[in-house]
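Read through the structure below, which is laid out as structure tokens, and then see the notes.
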Amino acid sequence: MTRVALVVGVGARRGVPAGEVLGLVIGALGAAGLRVRDVVALATLDVRAEEAGITGAAARLGVPVLPYPAEVLARVPVPNPSRAARAAVATGSVAEAAALAGAGGSGGAGAGGSAELLVTKRKSASATCAVARGVRSIGTPASTNGAEPFTMAAMLPPTKHIDSAGPDLRHHGDAEVRGLDLTDLAVNVRTGTPPDWLRERIAASLGSLAAYPDGGPARAAVAERHGLPAERVLLTAGAAEAFVLLARAVPTRRPVVVHPQFTEPEAALRAAGHEVGRVVLRPEDGFRLDPEAVPQEADLVVIGNPTNPTSVLHPAGVLERLARPGRTLVVDEAFMDAVPGEREALCGRTDVPGLVVLRSLTKTWGLAGLRIGYVLADPSTVALLQETQPLWPVSSPALAAAEACMEPRALVEAADAADRVAVDRAHLLAGLAEFAEVRVVEPAAGPFVLVRLERADEVRERLRSLGFAARRGDTFPGLGREWLRLAVRDRATTNRFLQALDLALQGLPRRPAG
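See below:
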């Protein structure tokens with residue numbers, strides 16, 4: 346069995362920043378039309394293999410560092426030798442020689458395959474890189490003189506801590522109401538939106554449709570709203586696109602998704618060819634996260650906060666414990682703006698290693714049909730994701746909406762809406778408490794609640810006949826047919842729903858859910 350693999354050779358001065366190395370590597374790959382996901386190792390001089398800049402870049406790429414002694418690299422012919430490099434380390438180019446050695450062995454051809462230099466030496470202020478391609482027999486290492494080359498055996502196997510079974514990950518709440526005249530408790534978009542002033546801003550943008558979209562102003566507005574530099578912001582066609590970009594662009598060998606949660610992250614990872622592990626939180630624990638439940642070897646972890654569908658708000662300090670060098674921590678904050686004060690938010694943090702925060706403007710502002718969201722991450726990760734995006738990924742109307750939703754009056758309106766959601770949720774919870782058959786996951790922090798009751802699938806069908814759509818729970822990993830998710834609505838709608846629920850429960854066994 347063979348696999349085409351890319352090895353990036355890196356030469357660097359002492360103290361080179363990881364961001365500089367990563368940016369140089371991504372730029373070299375992008376200029377040559379090569380995919381970051383095909384990189385299997387960084388190769389370098391052994392005395393530089395422990396440099397934080399090189400190990401940090403390798404960790405973000407999810408690949409090992411292959412160290413080579415100077416005498417090994419000296420035997421590799423390179424197309425762009427430098428007298429200064431040869432005088433210092435005996436080879437004409439550390440980057441080119443290391444790339445060729447890593448991809449195919451000493452001399453550019455080693456056991457199990459051959460090497461071809463695809464990208465010759467490129468430079469930054471403190472580093473050089475080159476890219477070589479090797480076609481290597483899987484499990485047959487190249488001759489690396491002590492370095493550990495990439496093999497399929499290096500892929501970490503699933504562990505007993507992770508459940509990998511799964512229901513329909515592509516089922517979403519809109520399927521419960523599409524084309525039907527039902528009161529919608531299945532979709533978490535705030536009703537009565539978008540407001541008139543936002544509709545007018547979007548409509549005004551239609552006059553510029555002949556021009557290509559310019560995301561600069563909206564990107565700057567998002568950055569200012571979170572107190573971040575613009576290079577830490579990536580605008581996307583909703584949070585769903587961000588999950589696809591992460592799955593395709595971020596190198597990972599052991600991705601793990603914490604469930605129950607929004608299923609699109611796992612669906613995107615699986616569609617990109619990844620084997621996805623699951624950490625399933627338990628109802629008896631209130632669906633609370635124990636960071637120790639996430640395997641140490643997981644190099645990409647996805648969790649929602651507040652979590653859809655459980656409405657659990659995890660403390661920021663708990664989520665921080667998931668972060669570590671070499672791991673990408675993805676926190677989906679699509680519903681955080683519905684939490685008063687956005688307590689426990691990580692969106693403005695720059696001190697958490699590997700943190701990627703996703704935000705959506707579709708829920709609070711009623712823009713699900715427009716598709717607008719954004720990613721907040723370190724500049725190297727943003728560059729990695731942007732490389733995978735098509736040109737002009739966000740439309741001009743969506744950009745106009747994003748810019749408008751970052752304005753002070755919009756932030757005040759969103760905060761007021763979050764306060765109203767909290768009041769309306771308390772009213773819903775008080776009404777549900779009157780039903781002995783219903784168990785609610787509390788405390789709830791999102792604009793929805795998760796409930797458990799016997800024969801929930803039958804109750805859901807009865808509710809539909811009474812004009813109400815509820816979100817089934819059995820398509821979320823970790824839940825089953827006894828779960829329903831209910832969106833928070835205004836008091837009048839909730840009162841009508843509670844009456845319908847009472848009717849739907851009539852004739853069913855009146856016993857508490859297990």
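All the letters of the sequence shown, read from the start, carry residue numbers 346 to 859 under the numbering used here. The C-beta atom is built at its ideal place from N, Cα and C for all residues, glycine as well.
Residue i: buried (16+ other C-beta within 10 angstroms of its C-beta) or exposed?
i: Gly-378; result: exposed
i: Pro-433; result: Rather than Pro, the amino acid found at residue 433 in this sequence is Ala. Exposed, because fewer than 16 other Cβ atoms sit within 10 Å of the Cβ of Ala-433.
i: Tyr-557; result: exposed
i: Gly-407; result: buried
i: Arg-805; result: buried
i: Val-392; result: exposed
i: Asp-847; result: exposed
i: Arg-836; result: exposed
i: Trp-737; result: exposed
i: Gly-484; result: Here the model assigns Gly-484 a pLDDT of 35, short of 50, so the residue's position is not dependable and the matter cannot be decided.
i: Ser-438; result: buried
i: Gln-734; result: buried
i: Arg-770; result: buried
i: Ala-548; result: exposed
i: Ala-429; result: exposed
Within a Cβ cutoff of 8 Å, which residues of the same chain sit near residue i, ignoring the five residues on either side of it in sequence?
i: Val-786; result: Pro-628, Gly-631, Phe-632, Thr-655, Ser-656, Val-657, Val-794, Leu-795, Val-796 and Arg-797
i: Ile-371; result: Val-381, Ser-725, Ala-728, Leu-729 and Glu-732
i: Pro-670; result: Gly-401, Ala-404, Pro-698 and Gly-699
i: Ser-553; result: Ser-741
So residue i is in the alpha helix (DSSP H); what residue range does that whole segment cover?
i: Pro-562; result: 561–571
i: Ser-741; result: 741–750
i: Gly-360; result: Where Gly-360 is concerned, there is no enclosing alpha helix (DSSP H), given that its DSSP letter is neither H nor E.
i: His-772; result: 753–777
i: Arg-841; result: 836–850
i: Thr-709; result: 707–710
Please list, in chain order, all residues of the same chain as residue i whose beta carbon is under 7 Å from its beta carbon, the five residues on each side excluded.
i: Arg-694; result: Leu-700
i: Pro-539; result: Trp-710, Gly-711 and Leu-712
i: Pro-362; result: Gly-398
i: Ala-587; result: Thr-581, Leu-703, Gly-718 and Val-720
i: Thr-400; result: Val-410
i: Asn-840; result: none
i: Ser-705; result: Gly-583, Ala-584, Ala-679 and Gly-718
i: Gly-364; result: Pro-724 and Ser-725
i: Ala-415; result: Leu-390, Val-434, Ala-435 and Thr-436
i: Asp-615; result: According to the sequence shown, residue 615 is Arg rather than Asp. Here the set comprises Val-621.
Looking at residue j and residue i, is the spacing between their C-beta atoms short of 8 Å?
i: Leu-573; j: Leu-730; result: no
i: Leu-721; j: Arg-577; result: yes
i: Leu-411; j: Thr-436; result: no
i: Ala-625; j: Val-601; result: Inspection of the sequence shows that residue 625 is occupied by Val rather than by Ala. For Val-625 and Val-601, no; Cβs fall outside 8 Å.
i: Val-352; j: Val-385; result: yes
i: Leu-527; j: Gly-818; result: no
i: His-394; j: Gly-479; result: The sequence shown places Ala at residue 394, not His. Contact flag unset, no.
i: Arg-826; j: Lys-708; result: no
i: Ser-550; j: Pro-742; result: yes
i: His-619; j: Thr-597; result: yes
i: Ala-460; j: Ala-442; result: no
i: Glu-779; j: Glu-799; result: no
i: Ala-592; j: Ala-617; result: yes
i: Arg-431; j: Ala-373; result: no
i: Ala-746; j: Leu-715; result: yes
i: Ala-612; j: Leu-514; result: yes
i: Ala-845; j: Asp-529; result: no
Quick one: give me the first and last residue of the beta strand (DSSP E) that residue i is part of.
i: Val-534; result: Counting along the chain, Val-534 falls outside any beta strand (DSSP E), and DSSP gives it neither H nor E.
i: Leu-387; result: 384–390
i: Ala-814; result: 813–817
i: Glu-461; result: 458–468
i: Ala-722; result: 718–722
i: Trp-828; result: 828–832
i: Gly-307; result: Past the edges of the chain, shown from 346 to 859, lies residue 307, and the structure says nothing about it.
i: Pro-600; result: 600–604
Suppose the cutoff is 6 Å on Cβ atoms and the five residues either side in sequence are ignored; what does the same chain contact list for residue i look like?
i: Glu-748; result: Pro-562, Ala-563 and Ala-566
i: Arg-672; result: Asp-644 and Gly-699
i: Val-647; result: Val-602, Pro-610 and Val-675
i: Leu-843; result: Gly-776
query = Quick one: any contact between the stretch 606–619 and the stretch 636–643, if contact means 3 or more CB pairs under 8 Å?
reply = As far as the Cβ criterion goes, the stretch 606–619 does not touch the stretch 636–643, which means the pair count is below three.
message = Check whether the stretch 468–478 and the stretch 353–362 are in contact - that is, three or more C-beta pairs closer than 8 Å.
response = Pairwise C-beta distances place the stretch 468–478 in contact with the stretch 353–362, as three or more of them are shorter than 8 Å.
message = Under 8 Å, with one C-beta from each stretch per pair, do the stretch 680–695 and the stretch 758–766 reach the 3-pair mark?
response = Note that the stretch 680–695 touches the stretch 758–766; at least 3 beta-carbon pairs, one per stretch, sit closer than 8 Å.
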